[in-house]
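Enquirer: Sharing a structure here in structure tokens format.
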Amino acid sequence: MSGFFENQYVMPYSFILLLISYICHCIYKQTRQHQLSRSKGCKDAQSKAPVKDPFIGFDFIYDCLFAKPIEKYLDSTFKTFQQLGATYAYKRWTWEAVYTCDSRNIKHVLASGFDDFKLPRLRVNAMMGLLGSGIFTLNGYSWSHARGVLRPCFAKQNKESIVNMLEMHFQALLRRIPNDRATIDLQPLFFWLTMDFATDFLMGHSTRVLDRASSHAKEKQFVDDYLTCSTEIVRKMQLGPLQMFSINFAAMRARSRVFRYIDDFINASLDKKDESEFTNMGCNVLQCLSAVTTDRKQLRDQILHILVASRDTTACLLSNLFFVLAKKPHIYDKLRREVISIAGVEPATDNQLNNMEYLKWCVQESLRLHPVIPTNAREASKDTVLPYGGGEDGNSPLLIKKGSLVMYNIYAMHRDARIFGPDSEEFVPERWNGLRPGWNYLPFNGGPRICIGQKFALLETYYLVSRMVQTFETMSAVDDSEWIELYALATTCKDGVKVGLTRAN
Ligand code: HEM
Numbered sequence: 000m001s002g003f004f005e006n007q008y009v010m011p012y013s014f015i016l017l018l019i020s021y022i023c024h025c026i027y028k029q030t031r032q033h034q035l036s037r038s039k040g041c042k043d044a045q046s047k048a049p050v051k052d053p054f055i056g057f058d059f060i061y062d063c064l065f066a067k068p069i070e071k072y073l074d075s076t077f078k079t080f081q082q083l084g085a086t087y088a089y090k091r092w093t094w095e096a097v098y099t100c101d102s103r104n105i106k107h108v109l110a111s112g113f114d115d116f117k118l119p120r121l122r123v124n125a126m127m128g129l130l131g132s133g134i135f136t137l138n139g140y141s142w143s144h145a146r147g148v149l150r151p152c153f154a155k156q157n158k159e160s161i162v163n164m165l166e167m168h169f170q171a172l173l174r175r176i177p178n179d180r181a182t183i184d185l186q187p188l189f190f191w192l193t194m195d196f197a198t199d200f201l202m203g204h205s206t207r208v209l210d211r212a213s214s215h216a217k218e219k220q221f222v223d224d225y226l227t228c229s230t231e232i233v234r235k236m237q238l239g240p241l242q243m244f245s246i247n248f249a250a251m252r253a254r255s256r257v258f259r260y261i262d263d264f265i266n267a268s269l270d271k272k273d274e275s276e277f278t279n280m281g282c283n284v285l286q287c288l289s290a291v292t293t294d295r296k297q298l299r300d301q302i303l304h305i306l307v308a309s310r311d312t313t314a315c316l317l318s319n320l321f322f323v324l325a326k327k328p329h330i331y332d333k334l335r336r337e338v339i340s341i342a343g344v345e346p347a348t349d350n351q352l353n354n355m356e357y358l359k360w361c362v363q364e365s366l367r368l369h370p371v372i373p374t375n376a377r378e379a380s381k382d383t384v385l386p387y388g389g390g391e392d393g394n395s396p397l398l399i400k401k402g403s404l405v406m407y408n409i410y411a412m413h414r415d416a417r418i419f420g421p422d423s424e425e426f427v428p429e430r431w432n433g434l435r436p437g438w439n440y441l442p443f444n445g446g447p448r449i450c451i452g453q454k455f456a457l458l459e460t461y462y463l464v465s466r467m468v469q470t471f472e473t474m475s476a477v478d479d480s481e482w483i484e485l486y487a488l489a490t491t492c493k494d495g496v497k498v499g500l501t502r503a504n
């Protein structure tokens with residue numbers, strides 16, 4: 000009988016105990032935040048984005064479920080910064096986010112305050128479900144270990160063999176372009192080319208989707224499945240905290256096939272290693288990685304993550320650049336003259352590419368005006384501060400609570416007229432003559448997580464752009480439509496790159 004009474008009181012007592020410890024925890028947390036805020040001289044955010052529901056932040060659910068995608072989303076974010084200032088707070092769901100395009104805050108998040116921030120959980124979850132756990136989802140020690148293993152694999156790549164590989168895939172692209180000056184959309188061709196090239200240098204086996212003559216059903220299926228997975232990642236990220244309720248069986252099946260496709264190459268690579276065939280072959284990234292680990296899951300995850308990092312980004316850069324070049328014949332001519340004056344009509348060497356100053360300016364300008372990773376985010380891993388954005392003038396530090404997001408906007412930062420001039424919304428490669436924007440220009444990120452493949456991506460882009468302008472005497476856009484973004488894992492042109500081309504004799 001006494002046991003019955005005891006049991007009867009256990010539940011309410013445990014509940015009260017839990018409630019008290021929760022309240023104590025909240026008080027302790029708030030006191031610490033208050034102390035940190037005072038010691039750092041933090042003030043309230045200079046401005047806050049207007050919200051319909053300031054208590055819980057249900058706006059976010061509404062936006063996720065019902066809001067129509069904004070056609071020129073990036074421009075709208077730039078305008079919001081112009082109205083609210085370079086840093087503002089926004090209450091979403093039950094947490095707060097801070098939006099910033101202030102280079103001093105971005106530098107803090109990525110470099111000086113690096114240890115206080117990590118990759119946002121929402122991004123990690125969205126990517127991990129479809130790509131496994133690789134460099135794009137890792138934090139802390141696992142990330143620095145993965146980076147330490149990957150970095151030498153890129154350093155070891157031989158530039159001459161990369162350029163030869165690029166030439167082979169470029170020739171396949173040319174075979175896809177008719178000689179009759181008909182209008183062609185370059186964008187899908189660039190996406191195929193970068194897939195063919197990336198799979199080649201990553202695994203030593205190209206998907207060769209550009210090669211019309213070949214019937215690579217398995218490879219084509221892989222390219223389709225990869226697209227299904229990356230589209231699903233973007234969809235999940237857009238769903239935010241609601242992503243856990245979304246299940247997409249087609250994407251899960253695609254993921255299994257993508258895994259199987261890559262596993263075949265991993266098995267082959269590990270078998271060859273056993274047979275000591277390793278040294279006789281050109282070293283691709285997979286071979287390089289399998290010299291460090293034989294864990295097949297780890298190998299697959301890293302390869303998939305580098306594929307995501309390298310393929311879409313470079314295809315987007317090429318598409319964004321040619322979208323603009325086709326509309327600006329004077330820039331195209333100037334670029335072509337430079338390339339031909341240095342390399343003639345033969346494929347340029349690495350050395351020659353390095354001497355092509357105007358080519359570099361055009362690429363830098365494209366990455367400035369249309370950065371392929373235009374917005375990004377970090378989550379505070381502890382209570383911390385941002386150096387600017389607080390107080391009436393925005394010059395005081397701002398408290399960032401553990402778990403809050405800092406959403407940083409490269410697109411808006413790259414339009415700062417104080418750094419890039421009053422014509423900062425125009426495509427003007429000449430502005431790069433003597434310009435050193437430092438932390439105000441971050442197409443490849445900055446700090447310890449700066450893009451590992453930056454040099455590689457630039458070599459690839461310089462080479463392909465130089466080959467395009469050598470081959471085509473003129474390139475003209477089919478209409479004067481403006482650049483509108485297609486906002487995905489990397490950002491490209493919504494309406495493609497439709498151009499008319501004239502081959503040089
Ligand atoms: C135009 C081309 C490219 C652009 C604009 C670009 C940009 C970026 C950016 C902004 C990040 C930081 C992402 C973040 O931390 O949230 C990044 C990371 C990374 N990129 Fe690139 N990337 C490009 C090409 C490449 C290529 C070709 C490779 C590999 C061959 C590559 C490999 C990586 C890797 C491995 C990371 C993760 C680094 C880390 O977290 O430590 N990227 N890239």
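Note that numbering that gives the first Met the number 0 gives residue 81 to position 82 of the sequence shown, counting from 1, and the numbers run on in steps of one. Each residue gets a CB set at the ideal place from its N, CA and C atoms; glycine is no exception.
Starting from the Cα of TYR410, find the closest Cα among LEU404, ALA416, ARG367, SER289 and give me that residue.
Expert: ARG367
Enquirer: Spatial neighbours of VAL148 within its chain, please: C-beta separation below 6 angstroms, excluding the five flanking residues on both sides.
Expert: VAL291
Enquirer: Which first and last residues belong to the beta strand (DSSP E) in which LYS497 is found?
Expert: 497-502
Enquirer: Is the distance from the Cβ of LEU398 to the Cβ of THR86 below 8 angstroms?
Expert: no
Enquirer: Might you give, ordered along the chain, the residues of its own chain that have their beta carbon closer than 7 angstroms to the beta carbon of GLU218, omitting 5 neighbours on each side?
Expert: THR206, ARG207, VAL208
Enquirer: Taking its Cβ as the centre, do 16 or more other Cβ atoms sit within 10 Å of GLU424, making it buried, or is it exposed?
Expert: The residue in question, GLU424, is exposed, as its Cβ has fewer than 16 Cβ neighbours within 10 Å.
Enquirer: Hey, could you find the ends of the alpha helix (DSSP H) TYR440 is sitting in?
Expert: Looking at the DSSP string, TYR440 is not in any alpha helix (DSSP H), and its letter there is neither H nor E.
Enquirer: Tell me whether LYS296 is buried or exposed, calling it buried when 16 or more other Cβ atoms sit within 10 Å of its Cβ.
Expert: Flag for LYS296 reads exposed.
Enquirer: Between LEU285 and MET202, how many whole angstroms is the CB-CB distance? I'm expecting something under 8 angstroms.
Expert: That belief holds up - the Cβ atoms of LEU285 and MET202 are roughly 5 angstroms apart, short of 8 angstroms.
Enquirer: Span of the alpha helix (DSSP H) holding PHE153?
Expert: 139-154
Enquirer: Figure out for me which residue from TYR462, ALA489, GLY495 has the closest Cα to the Cα of HIS168.
Expert: The shortest CA-to-CA distance from HIS168 to any of TYR462, ALA489, GLY495 is the one to TYR462.
Enquirer: Helix, strand or coil for CYS511? Go by DSSP, reduced to three states.
Expert: Past the boundaries of the shown model lies residue 511; the chain is included only from 0 to 504, so the question cannot be answered.
Enquirer: Measuring CA to CA, which of PHE196, ASN394, ASN104, PRO442 is closest to LYS42?
Expert: ASN394
Enquirer: So, under 8 angstroms CB-CB, ASN408 and THR76 are touching, yes? Tell me the CB distance rounded to an integer number of Å.
Expert: 6 angstroms
Enquirer: Which ranges does the alpha helix (DSSP H) cover as unbroken runs of at least 4 residues, wholly within the stretch 236-271, from first to last along the chain?
Expert: Taking only runs of at least 4 residues, no alpha helix (DSSP H) segment lies wholly in the stretch 236-271.
Enquirer: Can you list, in chain order, the residues of its chain whose CB lies under 7 angstroms from that of ASP184, leaving out five sequence neighbours each side?
Expert: GLY495, VAL496, LYS497
Enquirer: Just to confirm, are ASP415 and ASN439 a CB contact at a threshold of 8 angstroms?
Expert: yes
Enquirer: With DSSP run on the structure shown, which of helix, strand or coil describes ILE399?
Expert: Three-state result, ILE399: strand.
Enquirer: Measuring straight from C-alpha to C-alpha, what distance separates PRO177 and THR470?
Expert: 13 angstroms
Enquirer: On the three-pair Cβ rule with 8 angstroms, is the stretch 370-382 touching the stretch 346-358?
Expert: no
Enquirer: Excluding the 5 residues flanking LEU269 on each side, which residues of the same chain have their C-beta closer than 7 angstroms to its C-beta?
Expert: SER289, THR293
Enquirer: Which residues in the same chain as THR491 place their Cβ atom closer than 6 angstroms to its Cβ, once the five residues preceding and following it in sequence are excluded?
Expert: CYS315, SER318, LEU485
Enquirer: Could you check if VAL323 belongs to the surroundings of the ligand HEM, using beta carbon to heavy atom distance under 7 angstroms?
Expert: Short note on VAL323: C-beta not closer than 7 angstroms to any heavy atom of the ligand HEM.
Enquirer: Classify LEU16: buried if its beta carbon has 16 or more other beta carbons within 10 angstroms, exposed otherwise.
Expert: exposed
Enquirer: Roughly how many whole angstroms lie between the Cα atoms of PHE116 and ASN104?
Expert: 12 angstroms
Enquirer: With hydrogens ignored, establish whether the beta-carbon of PRO505 is closer than 7 angstroms to any heavy atom of the ligand HEM.
Expert: A query on residue 505 cannot be resolved here, the shown segment of the chain reaching from 0 to 504 and no further.
Enquirer: Looking at ALA376 and MET406, is the spacing between their C-beta atoms short of 8 angstroms?
Expert: yes
Enquirer: From the DSSP output, in three-state form, read off ASP332 for me.
Expert: helix
Enquirer: Take the Cβ of THR313 as the centre, count every other Cβ of all protein chains shown within 10 Å, and call the residue buried at 16 or more, exposed below.
Expert: buried
Enquirer: Rounded to whole angstroms, what's the CA-CA distance from ALA267 to ALA88? Just pull it up for me.
Expert: 51 angstroms
Enquirer: What's the gap between the Cα of HIS304 and the Cα of VAL323?
Expert: 29 angstroms
Enquirer: Rounded to whole angstroms, what's the CA-CA distance from CYS287 to HIS215? Just pull it up for me.
Expert: 26 angstroms
Enquirer: Alpha carbon to alpha carbon, how far is ASN283 from PHE200?
Expert: 5 angstroms
Enquirer: What number of angstroms, rounded off, separates the C-alpha of SER13 from the C-alpha of HIS24?
Expert: 16 angstroms
Enquirer: Counting along the chain, where does the alpha helix (DSSP H) carrying PHE135 start and finish?
Expert: Neither: PHE135 is in no alpha helix (DSSP H) and is coded neither H nor E.
Enquirer: Cβ-heavy atom distance between ASN375 and the ligand HEM below 7 angstroms?
Expert: Correct: ASN375 has its Cβ closer than 7 angstroms to the ligand HEM.
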